[in-house]
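Visitor: Have a look at the structure that comes next, please.
In the numbering used here, the protein residues as written are -15 to 118.
Shown next as structure tokens:
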């Protein structure tokens, strides 16, 4: 005596649709969190010409098995006047420079700002997930 299961195809299809939808929802949520962090970093960035502040952007959402979904928020491009990478300038402002003719004390603006924005970024991500997943 055997048994017969009916309707499994529809259930499997429903799970597959949910998995596909959740992938897109997660990407949108990560992007929303990245935008919050970028805004906070722009607000706190040291400003001389404004090039560093204006270059801070969230990257496209990426995925790897070790980290899951993520986006990098960082300065991109080069300084318009000097050609120096803006990420290098941001690094010097964050950690300082103890060599050369222009020594610079660290400002420590980047990492504290990211830590302070964490809660708001997580809230934005949760809100986006709730909106997408219903």
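Backbone N, C-alpha and C define an ideal beta-carbon position, used for all residues, glycine too. A quick note: this is a predicted structure, and the numbers were derived from the prediction, not measured.
Taking 6 Å as the cut-off, is the CB of residue 0 close to at least one heavy atom of the ligand MG?
Guide: Of the ligands one can find in the structure shown there are none, so the ligand MG has no counterpart to examine.
Visitor: For residue 84, which three-state DSSP category applies?
Guide: Reduced to three states, the DSSP call for residue 84 is coil.
Visitor: Go through its chain and collect everything with a Cβ distance to residue 26's Cβ below 6 Å, but skip five positions before and after it.
Guide: Cβ within range, chain order: 37 and 40.
Visitor: If we ignore side chains and look at the alpha-carbon of each, how far apart do residue 43 and residue 79 end up?
Guide: Cα-Cα distance, rounded: 23 Å.
Visitor: With the cut-off set at 7 Å, would you say residue 14 and residue 101 are in Cβ contact?
Guide: Taking 7 Å as the Cβ cut-off, residue 14 and residue 101 do not qualify as a contacting pair.
Visitor: Can you tell me where the alpha helix (DSSP H) with residue 45 in it begins and where it stops?
Guide: That residue, residue 45, is in no alpha helix (DSSP H); it is neither H nor E in DSSP.
Visitor: If we call anything under 7 Å between Cβ atoms a contact, is residue 9 one with residue 113?
Guide: Yes, these two residues count as a Cβ contact at 7 Å.
Visitor: Express the C-alpha separation of residue -1 and residue -10 in angstroms, rounding to a whole number.
Guide: Answer to the nearest angstrom: the Cα atoms are 16 Å apart.
Visitor: Would you mind giving the Cβ-Cβ distance between residue 77 and residue 93, rounded to the nearest angstrom? I have them listed as a contact below 8 Å.
Guide: Contact flag correct, Cβ pair sits at about 7 Å.
Visitor: Taking the beta strand (DSSP E) that residue 58 falls in, what are its first and last residues?
Guide: Its beta strand (DSSP E) spans residues 57 to 59.
Visitor: Where DSSP assigns a beta bridge to residue 41, which residues make up the other side?
Guide: Partner(s): 58.
Visitor: Tell me whether residue 103 sits in a helix, a strand or coil according to DSSP, three-state version.
Guide: DSSP places residue 103 in helix when its eight states are reduced to three.
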